[in-house]
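*Asks:* Note that full-length UniProt numbering has the sequence shown beginning at 1, numbered continuously upward.
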Amino acid sequence: MGYNSVSQFMTEMIEAGYTQIGGTIAYDEETSELRTQRNELKQELDSARERINQLEEQLYRGERRTILRYLAQRETGASFAEIVQQVIDDTPARVAEVIEEMEGDQIESTDGHYHIESQDSNDI
1 MGYNSVSQFM
11 TEMIEAGYTQ
21 IGGTIAYDEE
31 TSELRTQRNE
41 LKQELDSARE
51 RINQLEEQLY
61 RGERRTILRY
71 LAQRETGASF
81 AEIVQQVIDD
91 TPARVAEVIE
101 EMEGDQIEST
111 DGHYHIESQD
121 SNDI
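1) To the nearest whole angstrom, what separates the beta carbons of residue 77 and residue 71, a pair I think is in contact under 8 angstroms?
2) Give every residue of the same chain whose Cβ lies closer than 8 angstroms to the Cβ of residue 117, excluding the five residues on either side of it in the sequence, and list them in chain order.
3) Confirm, please, whether the CB-CB distance from residue 29 to residue 20 is below 9 angstroms.
4) What is the residue span of the alpha helix (DSSP H) that residue 44 lies within?
5) In the DSSP assignment, what residue or residues form a beta bridge with residue 5?
6) Assign residue 66 to one of two classes, buried (16 or more other C-beta atoms within 10 Å of its C-beta) or exposed (fewer than that).
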């Protein structure tokens with residue numbers, strides 16, 4: 001049973017027969033604690049938004065970009081099968097771009113084999 005106001009609470013308590021009702025309100029948490037929690041939640045929200053933006057950008061750079069470029073080149077449009085084939089054909093080039101971006105920072109190449117540069121796999 002939630003109350004929207006103190007007066008509503010007191011009215012219902014009197015109607016229920018209570019004669020001694022405390023007129024003070026005790027808050028569960030201090031204002032500073034609530035601000036701290038709000039700031040922490042805001043930081044988490046900002047981090048989540050940044051991560052979403054990064055993932056959306058990767059998506060646009062990937063399949064969506066490939067599809068849009070392919071359709072822009074085709075005046076008559078393309079069937080679903082043709083679009084799928086284009087994405088398949090374009091995958092090696094996109095993977096090469098990603099590997100090139102990661103090389104040196106996250107992965108290294110030795111004798112034609114790629115490995116994670118540091119053994120810290122928390123970023124995976």
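Think of the CB as a built atom: it goes at the ideal place given N, C-alpha and C, for glycine as much as any other residue.
*Replies:* Walking through what the data contain:
1) The residue labelled residue 77 in the question sits at position 77 within the sequence shown. The residue labelled residue 71 in the question sits at position 71 within the sequence shown. Their Cβ separation, rounded to whole angstroms, is 7 angstroms, which keeps residue 77 and residue 71 in contact under 8 angstroms.
2) The residue given as residue 117 occupies position 117 in the sequence shown. Excluding residues within five positions, the ones whose Cβ falls inside 8 angstroms are 104, 105, 106, 107 and 108.
3) By one-based count along the sequence shown, residue 20 stands at place 20. By one-based count along the sequence shown, residue 29 stands at place 29. No. Outside cutoff.
4) Counting from 1 along the sequence shown, the entry for residue 44 is found at position 44. Element bounds for residue 44: 31-59.
5) As a first step, residue 5 is located in the sequence shown; it is residue number 5 there, counting from the start. When beta bridges are read from the DSSP output, residue 5 appears opposite no residue.
6) Sequence index remark: in the sequence shown, residue 66 carries index 66 (1-based). Its Cβ being crowded by 16 or more others within 10 Å, residue 66 is buried.
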